[in-house]
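Student: I have a structure I would like to understand better, so I am pasting it below and will then ask my questions one at a time.
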Amino acid sequence: MPRPRVSLLVGNPTARSGKAEAAIAAAMEGLTKARLEPEFFSTLPQGATVAALAERLERGDVARVIYLGGDGTFAETAKGIILARERCGSDTPMGMLPMGTANDQGRSFGIHSGLKALPHNIAIIAGGVEQWLDVGQVEAIDAAGEVVDQDLWFDSWGLGLSAQILAKRNRDRKIVAKIPVLRQLYRDKLVYIRAGLSSLAKNALKSLIGKARFAAIITIDGETRELGGINDIVIKGTVLYGGDWIFDPTSKPDDGKFEVIIVDNPADWGAITIRAHKRNPVTQDDLAVLGLAPKQIPRGSQIEVKIFRPAGMGPVPSQIDGEEYVSTDHYRIRNLFHYLRIIVPEDPHWV
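When we follow the numbering used here, the leftmost residue of the sequence shown carries the number 6, and every step to the right adds one.
So this is what it looks like as structure tokens:
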């Protein structure tokens, strides 16, 4: 059988009000010039992309799959690669041409996003340097102990305040998309900031009367912690969070462990974001004077989360990779060690 040569470019030509079509054309041209033999594969609606991509990969002529787009396209592309491997044993590496706002996966390895970054990112893909990425598997479990949903994630899983902010951002984004003037001015980061400030303000008020916090039992690799009242839990796979925060600079995306960030209240979120900002000029001594001493971040490969809501509190929102996920009171998260091959710079580092 001849050696696979095709570079399969996965993208959505209708994304970003059609602007993605120009990015796809530029990527195809750049990949052709780099002699990477590109073939375009359009994403499909209603979750059909993963199975269709796996079927395409099963032909055995694809040397690399390249996603172009945001976190959603990353996830669909990665899941298609994994499904093809599980069904027929093919294991294709994934290249990255990110166009999203935060781009945690790409920036955790030194890959910028946007049209201007295309030539550099195509050169990285042509270089062919590979690194493993650990993948998260989450199970949502109902009150009867039955698994009601299972999915893979590649950046973060979380529940509480951060998931609430993301849910509000998604609602605001849909509203903005219907208004032409706002669609041009009110882009993703601004939507996220507005959603964040709104949620923080509401939760700060709720916290004063104790209605925004929930209790939890978290078991990390067999060690159980009982938490009396928290606002947020984030389980992190890649180094960067939201494009700008690094909770644990010693973490690695291929070490078989996830970081578990537990937030007690909105004020705690503020302290964490000051400490963890990647361009924070304040020293650890300065932070200690301000009462922001380093917070221990537990790590593990098998994580179970059970939450207990006070009377009158509705379901706690959850998210995977920035998209809303099933809301329940019981989750199991597993680190799938070295589960996805990605193409990275020769000297990968976060940006």
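Cβ coordinates follow ideal geometry from the N, Cα and C atoms, glycine included. These numbers come from a predicted model, not from an experiment.
How far does the beta strand (DSSP E) with residue 221 in it extend, from its first residue to its last?
Tutor: That run of the beta strand (DSSP E) goes 219 to 225.
Student: Buried or exposed: which applies to residue 264, given that a residue is buried once 16 or more other Cβ atoms fall within 10 Å of its Cβ?
Tutor: Its Cβ being crowded by 16 or more others within 10 Å, residue 264 is buried.
Student: Is it buried or exposed for residue 304, if we count other Cβ within 10 angstroms and need 16 for buried?
Tutor: With 16 or more other Cβ atoms within 10 Å, it is buried.
Student: Counting Cβ pairs closer than 8 Å, one from the region 104 to 119 and one from the region 238 to 248, do we hit at least three?
Tutor: Contact holds: three or more Cβ-Cβ distances are below 8 Å.
Student: By a C-beta neighbour count over all protein chains shown, 10 Å radius and 16 as the cutoff for buried, is residue 229 buried or exposed?
Tutor: Exposed.
Student: Does the Cβ-Cβ distance between residue 70 and residue 99 come in under 7 Å?
Tutor: Closer than 7 Å, so yes.
Student: Determine the burial state of residue 52: buried for a count of at least 16 other Cβ atoms within 10 Å of its Cβ, exposed for fewer.
Tutor: Counting Cβ neighbours within 10 Å, residue 52 comes out exposed, since fewer than 16 surround it.
Student: Can you tell me which residues form a DSSP beta bridge with residue 69?
Tutor: Note: residue 69 sits in a beta bridge opposite 12.
Student: Per DSSP, which one or two residues make a beta bridge with residue 154?
Tutor: Paired residues: 145.
Student: Going by DSSP, what residues sit across from residue 231 in a beta bridge?
Tutor: The partner list for residue 231 (beta bridge, DSSP) reads 222.
Student: Using 10 angstroms around the beta-carbon of residue 30, count the other beta-carbons present and answer buried if the total reaches 16, otherwise exposed.
Tutor: Under this definition residue 30 is an exposed residue.
Student: Would you identify the three-state DSSP class for residue 103, choosing helix, strand or coil?
Tutor: In this structure, residue 103 counts as strand in the three-state DSSP scheme.
Student: So what does DSSP say about residue 74, is it helix, strand or coil?
Tutor: Strand.
Student: With distances taken between CB atoms, is the gap from residue 55 to residue 84 smaller than 7 Å?
Tutor: Taking 7 Å as the Cβ cut-off, residue 55 and residue 84 qualify as a contacting pair.
Student: Quick one: is residue 319 buried, meaning 16 or more other Cβ sit within 10 Å of its Cβ, or exposed?
Tutor: Exposed.
Student: Assign residue 91 to one of two classes, buried (16 or more other C-beta atoms within 10 Å of its C-beta) or exposed (fewer than that).
Tutor: It counts as exposed.
Student: Could you tell me the boundaries of the beta strand (DSSP E) in which residue 343 lies?
Tutor: Note, residue 343: beta strand (DSSP E), 335 to 348.
Student: Would you say residue 9 and residue 67 are within 7 Å of each other, going by their C-beta atoms?
Tutor: Taking 7 Å as the Cβ cut-off, residue 9 and residue 67 qualify as a contacting pair.
Student: Can you check which of these residues, 337, 36, 47 and 80, is closest to residue 160 by C-alpha distance?
Tutor: Here the closest residue by C-alpha is 80.
Student: Are residue 28 and residue 120 touching if we call contact CB-CB under 7 Å?
Tutor: Yes; because the gap between Cβ atoms is below 7 Å, this pair is in contact.
Student: Measuring alpha carbon to alpha carbon, tell me which residue in 255, 12, 267 and 260 is nearest residue 131.
Tutor: With distances taken between Cα atoms, residue 131 lies closest to 12.
Student: Does DSSP put residue 200 in a helix, a strand or coil?
Tutor: Because the pLDDT of residue 200 is 45, which lies under 50, any placement of that residue in the model is unreliable, and the question is left without a value.
Student: Return the bridge partner residues of residue 136 from the DSSP annotation.
Tutor: Answer by DSSP bridge pairing, in chain order: 347.
Student: Under 6 Å Cβ to Cβ from residue 349, same chain only, skipping five residues before and after it: list those, please.
Tutor: Once the five neighbours on either side are set aside, the close Cβ partners of residue 349 are 114, 134 and 136.
Student: Ignore the nearest five residues each way along the sequence and tell me which others in residue 233's own chain have a CB closer than 7 Å to its CB.
Tutor: Here the set comprises 220.
Student: Which one of 140, 218 and 127 has the shortest CA to CA distance from residue 169?
Tutor: Checked all of 140, 218 and 127; the closest Cα to residue 169 is 218.
Student: Indicate the three-state DSSP secondary structure (helix, strand or coil) for residue 305 in the structure shown.
Tutor: Strand at residue 305.
Student: Which of helix, strand or coil does DSSP assign to residue 84?
Tutor: Reduced to three states, the DSSP call for residue 84 is helix.
Student: Here's the rule: buried if 16 or more other CB atoms are within 10 angstroms of the residue's CB, otherwise exposed. What is residue 227?
Tutor: Result: exposed.
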